[in-house]
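Student: Per full-length UniProt numbering, the sequence shown runs over residues 1 to 388.
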Amino acid sequence: MKKLRVRYSYSPPICTHKLGTDSGLGGITGDILERMKIFINNFDYAATLQPDKAFGLKLPNGSFTGMIRSLVINETDIAGPFAVNEERSNVVEFSEPFFYAYLGIMSGVVETQKNPFIISQIFTVQVSSQTQDFFCNFGNSYRWFMRHACDSTSFRMLLLTWFLPCLVFVHSYQGGILSAFASNKLQPKIASLDDLLNDESIEPIVWANTATEKLYRNLQNTRYGPIWERMKGSLVSRPLPGTVPPYMKRVHKGQAIVTAFSYDLKKLVGDWFQKRDECGLAVSNIGLGDGFVALALRKEFINTNFIKQFNRGIRLFNEGGLAHFSLLRSNRNYEKCTLGNTSVSKPLNLTDLMGAFIVLGTGLAAASILFVIEMLYSRISKMKTHTC
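1) Using the C-alpha atoms, what's the distance from V359 back to F82?
2) Check for me: the beta strand (DSSP E) holding Y247 runs from which residue to which?
3) Are there 16 or more other CB atoms within 10 angstroms of the CB of R298, so buried, or fewer, so exposed?
4) Starting from P81, follow the beta strand (DSSP E) in both directions and report where the run begins and ends.
5) Just how far apart, CA to CA, sit D52 and I202?
6) Given a cut-off of 8 Å on the beta-carbon distance, is the pair K266 and V251 in contact?
7) Pull up the distance between the alpha-carbon of Y247 and that of I73, whole angstroms please.
8) Closer than 6 Å by C-beta to D44: which residues in its own chain qualify, once you throw out the five before and the five after it? Chain order, please.
9) Taking the alpha carbon of R7 as the point to measure from, which residue in I40, A54, M36 has its own alpha carbon closest?
10) Could you say which of V110, A260, T243, N311 lies nearest to Q187 if we only look at CA atoms?
11) Does V372 come out as helix, strand or coil in the three-state DSSP assignment?
12) Taking Cβ positions, are I105 and I257 nearer each other than 8 Å?
13) Of the residues S378, E213, I373, which one's Cα is nearest the Cα of E229?
14) Am I right that G291 and G108 are in contact with their C-beta atoms under 8 Å? What's the rounded C-beta distance?
15) Should L325 be labelled buried (16 or more other beta-carbon atoms within 10 Å of its own) or exposed?
16) Give the DSSP-derived three-state secondary structure of S129 in the structure shown.
17) Going along the chain, which residues of its own chain have a beta-carbon closer than 6 Å to the beta-carbon of K18, five neighbours each way excluded?
18) Three-state secondary structure (DSSP) at S11?
19) Does the beta-carbon distance from L193 to L288 come in below 8 Å?
20) With DSSP as the reference, please indicate the residues paired to R5 in a beta bridge.
21) Within 10 angstroms of the Cβ of K275, are there 16 or more other Cβ atoms? Answer buried if so, exposed if not.
22) Which residue wins for smallest C-alpha separation from P97, given the options L33, L295, E374?
23) Quick one: Cα of D77 to Cα of M67, how far?
24) According to DSSP, is L197 part of a helix, a strand, or is it coil?
25) Alpha carbon to alpha carbon, how far is L370 from S378? Give it in angstroms, no decimals.
26) Using the Cα positions of F317 and F99, report the straight-line distance between them to the nearest angstrom.
27) With DSSP as the reference, label P60 as helix, strand or coil.
28) So, under 8 Å CB-CB, A101 and V293 are touching, yes? Tell me the CB distance rounded to an integer number of Å.
29) Taking Cβ positions, are I40 and G320 nearer each other than 8 Å?
30) Can you tell me which of N42, N305, W207, T304 puts its alpha carbon nearest to the alpha carbon of G233?
31) Output the boundary residues of the alpha helix (DSSP H) element that contains V91.
32) Between T338 and A260, is the Cβ-Cβ spacing less than 8 Å?
Right, here's the structure in full:
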């Protein structure tokens, strides 16, 4: 078998430098091609970095750019990695996919707003109203078993006042309320396309000549069309591996976002953390534009024995879970960076339960005032009785 020509473009962790070097083909793509030497007899290749580093988009005249064009005009035999789509599959033959990519948004993080009355969300409105109605009616003088103990309205109000805060205190020690009500968490400022659509002050940044740009371009006639109109003026080149582009400062300040595949964004956040020793960034999946990643071959390989052996090798690679190790290696700095995004205050801080204390204090004050009124009313009634 002749030495196959391979074109690649960096996209960590799928396609990176060789481990321990500043050049060469590494990452998941490099691992796959190296293992093909085991799976396929006499398999050999010569890898070349795509000169313009473009993956390949379809132009209005029907031709393609980047690595897709190199395959079409027979400048190379194998190229990648690619996000699989219908346009590309019409002109090249995709291998078995070896990765699933999620489209994401990288944004600065902000503190969640703490509402002291968040305890009111423990129960629904219906349950809360029924509980209050029960305690207001429970124990009135018409009920024989509570005729003497809870005859006064102030005492019933006191019961309700104690019941609600105590209920909050008890449930606050449980995991659900501990995480939901007692922690001051950090969250991405922009975590979805709807957030980006509603906040027009945010600058959306997208890398030019990528599948992500093509996706947003196709959304221009949908409800997300205004996002693309804002993106057209913010097309930038894909950053070189290991570099931190200048727009990262604006993203960190919450003035801009970057949208691309999540694995690219996490690597970029990890590089930012490694060089600046600060984080303040997070990546959120947006649930749109997700897809499989595969290598592309020339159409001449269709239905050949080589493509069958090549796909079999990728299936064996997938069964071994070998892509997972490259992913962990690429994301380790991102994981270190985002560890601090879980909580910035100690759980069960008393200020987190301020709403409960407000309810308690207000209820005690109201019950005390009502008790004094009842006492005065009782004395006045007795005085009138004695006078008569």
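Backbone N, C-alpha and C define an ideal beta-carbon position, used for all residues, glycine too. In this text, all values refer to a predicted model and were calculated from it rather than measured experimentally.
Tutor: In short:
1) Along the sequence shown, one-based indexing puts residue 82 at 82. Along the sequence shown, one-based indexing puts residue 359 at 359. If I take the Cα positions, the gap works out to 58 Å.
2) Residue 247 sits at position 247 when you count from the first residue of the sequence shown. Boundaries cannot be given for Y247, as no beta strand (DSSP E) includes it and DSSP labels it neither H nor E.
3) Position 298 of the sequence shown, counting from 1, holds the residue named residue 298. Here R298 is buried. Its C-beta has 16 or more other C-beta atoms within 10 Å.
4) Stepping through the sequence shown from its first residue, residue 81 is reached at position 81. Start and end: 78-83.
5) On the sequence shown, residue 52 is found 52 positions in, with the first residue counted as 1. On the sequence shown, residue 202 is found 202 positions in, with the first residue counted as 1. Each residue's Cα considered, the two are about 29 Å apart.
6) As a working note, residue 266 is residue 266 in the sequence shown. As a working note, residue 251 is residue 251 in the sequence shown. With respect to V251, K266 sits apart: the two C-beta atoms are not nearer than 8 Å.
7) Residue mapping note: residue 247 aligns to position 247 of the sequence shown, counting from 1. Residue mapping note: residue 73 aligns to position 73 of the sequence shown, counting from 1. Roughly 36 Å separates the two Cα atoms.
8) In the sequence shown, the residue the question calls residue 44 occupies position 44. Taken in chain order, the residues that qualify are K3.
9) For the purposes of this step, residue 7 is identified with residue 7 of the sequence shown, where counting begins at 1. With distances taken between Cα atoms, R7 lies closest to A54.
10) As a position in the sequence shown, residue 187 is number 187, starting the count at 1. Residue V110 holds the alpha-carbon nearest to the alpha-carbon of Q187 among V110, A260, T243, N311.
11) Position 372 of the sequence shown, counted from the start, is the residue given in the question as residue 372. Here V372 sits in helix by DSSP.
12) If you number the sequence shown from 1, residue 105 lands on position 105. If you number the sequence shown from 1, residue 257 lands on position 257. In terms of Cβ geometry, I105 and I257 form a close pair [threshold 8 Å].
13) Along the sequence shown, read from residue 1 onward, the residue named residue 229 stands at position 229. Cα-wise, what sits closest to E229 is E213.
14) Position 291 of the sequence shown, counting from 1, holds the residue named residue 291. Position 108 of the sequence shown, counting from 1, holds the residue named residue 108. The pair is not a contact, with the Cβ atoms about 27 Å apart (cut-off 8 Å).
15) Position 325 of the sequence shown holds residue 325. The question names Leu, but residue 325 in the sequence shown is Phe. The C-beta of F325 has fewer than 16 other C-beta atoms within 10 Å across all chains shown, which makes the residue exposed.
16) On the sequence shown, position 129 is the one that residue 129 refers to. Under the three-state reduction of DSSP output, S129 falls in the helix class.
17) Mapped onto the sequence shown, residue 18 falls at position 18. Only G24, G26 meet the Cβ criterion.
18) Position 11 of the sequence shown, counted from the first residue, corresponds to residue 11. Shown here, S11 sits in a strand according to DSSP, grouped into three states.
19) Position 193 of the sequence shown, counting from 1, holds the residue named residue 193. Position 288 of the sequence shown, counting from 1, holds the residue named residue 288. A Cβ-Cβ contact shorter than 8 Å links L193 with L288.
20) The sequence position of residue 5 within the sequence shown is 5, counting from 1. According to DSSP, R5 bridges with A46.
21) Locating residue 275 in the sequence shown gives position 275, where the first residue counts as 1. With fewer than 16 neighbouring CB atoms inside 10 Å of its own CB, K275 falls in the exposed class.
22) As a position in the sequence shown, residue 97 is number 97, starting the count at 1. Nearest option by C-alpha distance: L295.
23) Here residue 77 is taken as the residue at index 77 of the sequence shown, counted from 1. Here residue 67 is taken as the residue at index 67 of the sequence shown, counted from 1. Computed Cα separation, rounded: 10 Å.
24) Along the sequence shown, read from residue 1 onward, the residue named residue 197 stands at position 197. L197: helix per DSSP, three-state reduction.
25) The residue labelled residue 378 in the question sits at position 378 within the sequence shown. The residue labelled residue 370 in the question sits at position 370 within the sequence shown. Between S378 and L370, the C-alpha separation is close to 12 Å.
26) By one-based count along the sequence shown, residue 317 stands at place 317. By one-based count along the sequence shown, residue 99 stands at place 99. Roughly 11 Å separates the two Cα atoms.
27) The count along the sequence shown starts at 1 and reaches residue 60 at position 60. The three-state reading of DSSP puts P60 in coil, since its state is none of H, G, I, E or B.
28) Start at 1 with the first residue of the sequence shown, and residue 101 comes out as number 101. Start at 1 with the first residue of the sequence shown, and residue 293 comes out as number 293. So it is a contact: roughly 5 Å between Cβ atoms.
29) For this step, residue 40 is matched to residue 40 along the sequence shown. For this step, residue 320 is matched to residue 320 along the sequence shown. Their beta carbons are not under 8 Å apart, which means I40 does not touch G320 by this criterion.
30) As a position in the sequence shown, residue 233 is number 233, starting the count at 1. Nearest of N42, N305, W207, T304 to G233, Cα basis: W207.
31) On the sequence shown, residue 91 is found 91 positions in, with the first residue counted as 1. For V91, there is no enclosing alpha helix (DSSP H), as DSSP marks it with neither H nor E.
32) Start at 1 with the first residue of the sequence shown, and residue 338 comes out as number 338. Start at 1 with the first residue of the sequence shown, and residue 260 comes out as number 260. Not in contact: T338 and A260 (Cβ atoms no closer than 8 Å).
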